[in-house]
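Numbering of the sequence shown is given in the working numbering, commencing with residue 108 and proceeding in unit increments.
We put the beta carbon where it would ideally sit given N, CA and C, even for glycine.
Have a look at the structure below before the remarks.
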Amino acid sequence: MYIRTEKPEDLEAVRQVNIAAFGRENEANLVDRLRGIASTFSFVALPSDRIVGHILFSPVVVEGKCSSNLSILGLAPVAVLPEYQRQGIGTLLIQQGLEECRRSGFHAVVVLGHPDFYSRFGFIPASRKSLKCEYDVPDEAFMVLELESGTLEDCSGTVKYRSEFSLCE
């Protein structure tokens with residue numbers, strides 16, 4: 108499996124992966140709206156010459172008490188074509204994506220997802236780091252991973268996603 112940065116010629120394939128994985132266009136439309144925004148990372152998975160998976164990281168902000176130079180990303184969405192699911196492709200996308208975020212100097216990543224799945228990568232409930240989600244979600248489903256240990260020590264507040272996310276419902 109080969110993971111690489113999304114290229115301009117991948118746009119339609121990425122869109123189709125997100126539509127197939129989620130069974131609707133909301134996530135594909137979100138990716139289209141976020142694409143090209145500074146500090147947004149988009150990666151694709153290819154077993155050969157066909158894109159079968161996609162992951163996107165986009166910037167979020169913390170409203171509250173936090174260092175102004177803290178750089179946090181939100182992981183959303185991660186998608187794999189249904190016929191390729193449960194083969195470790197999503198895991199590989201997340202692992203390599205997180206490593207690239209770390210190498211690029213980001214301090215933390217938040218995700219809204221299944222605790223059993225994301226805890227495998229080191230994500231913990233964000234409330235344990237005094238962070239909460241702007242959306243009304245179960246505490247255990249909103250998680251954070253420090254890419255640099257201790258970076259969230261003096262941080263507390265509400266994580267706000269980009270306005271493009273509010274158009275997803």
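Contact check, residue i vs residue j, beta carbons under 8 angstroms
i	j	result
V167	L177	no
S174	I144	no
D117	V151	yes
I110	L238	no
K172	S273	no
K267	E170	yes
P184	L163	yes
T112	S146	no
D246	S234	yes
I231	M108	no
For residue i, three-class secondary structure by DSSP
i	result
E116	helix
I231	strand
A145	coil
F213	coil
S263	strand
R122	helix
E241	coil
E253	strand
Y268	coil
Any non-hydrogen atom of the ligand SAH within 7 angstroms of residue i CB
i	result
P166	You won't find the ligand SAH in this model; it holds no ligand whatsoever.
Cβ neighbours of residue i in the same chain (closer than 6 angstroms, five flanking residues each side left out)
i	result
E255	H214
Y191	V159
K236	V251 and L259
Cβ of residue i within 8 angstroms of any chain C Cβ
i	result
T265	In summary, chain C is missing from the structure at hand, where a single protein chain is found.
Rounded Cβ spacing between residue i and residue j (contact assumed at less than 8 angstroms)
i	j	result
G229	L259	With 8 angstroms as the limit, G229 and L259 do not qualify as a contact, their Cβ atoms being about 13 angstroms apart.
H161	V121	5 angstroms
V187	A128	6 angstroms
I126	E119	Actually they are not in contact, since the Cβ atoms of I126 and E119 sit about 11 angstroms apart, beyond 8 angstroms.
Close Cβ partners of residue i (< 7 angstroms) along its chain, the five nearest in sequence each way excluded
i	result
E271	L137, R140 and L141
E241	T265, V266, K267 and Y268
G212	S178
Own chain, CB closer than 8 angstroms to residue i, minus 5 neighbours either side, in chain order
i	result
H221	A248
R227	T198
Quick check on the DSSP output: what are the complete beta strand (DSSP E) runs of length 3 or more inside the region 135–211, in order along the chain? 148–153, 160–172 and 179–187
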